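>
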């Protein structure tokens with residue numbers, strides 16, 4: 002895996018579905034449900050496939066061999 006990419010948000014949280022779109026893993030929100038059914042996403046090392054999962058500053062998201070840190 003590469004190093005951690007920092008992703009700055011300006012709100013209290015971002016949902017997992019919005020996050021995947023924000024980092025260009027998916028093209029639109031409609032793809033989130035299908036993507037999460039077919040791909041593993043780890044949040045702070047734990048598997049989570051809820052597109053509405055709220056991500057807050059300090060959390061690490063691992064998806065498709067990439068690591069992201071949510072920052073505020």
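Numbering (this note's numbering), first residue to last: 2 to 73.
Built from N, CA and C at the ideal position, the CB exists for glycine as well.
The structure displayed is predicted, hence computed values, not measured ones.
1. By Cβ distance below 6 Å, which residues in the same chain neighbour residue 23 in space, the five residues on each side in sequence not counted?
2. With DSSP as the reference, please indicate the residues paired to residue 15 in a beta bridge.
3. According to the Cβ coordinates, are residue 52 and residue 34 closer than 8 Å?
4. Starting from the Cα of residue 30, find the closest Cα among 41, 17, 65 and give me that residue.
5. Using the C-alpha atoms, what's the distance from residue 15 back to residue 50?
Per the coordinate set shown:
1. As a first step, residue 23 must be located in the chain shown, where it is residue number 22. Excluding sequence neighbours, residue 23 sits near nothing in its chain.
2. As a position in the chain shown, residue 15 is number 14, starting the count at 1. Note: residue 15 sits in a beta bridge opposite 56.
3. As a working mapping, residue 52 is identified with position 51 in the chain shown. As a working mapping, residue 34 is identified with position 33 in the chain shown. Yes, these two residues count as a Cβ contact at 8 Å.
4. Looking up residue 30 in the chain shown gives position 29. Residue 30 has its Cα closest to that of 17, out of 41, 17, 65.
5. The residue you call residue 50 lines up with position 49 of the chain shown. The residue you call residue 15 lines up with position 14 of the chain shown. The straight-line gap from Cα to Cα measures roughly 15 Å.
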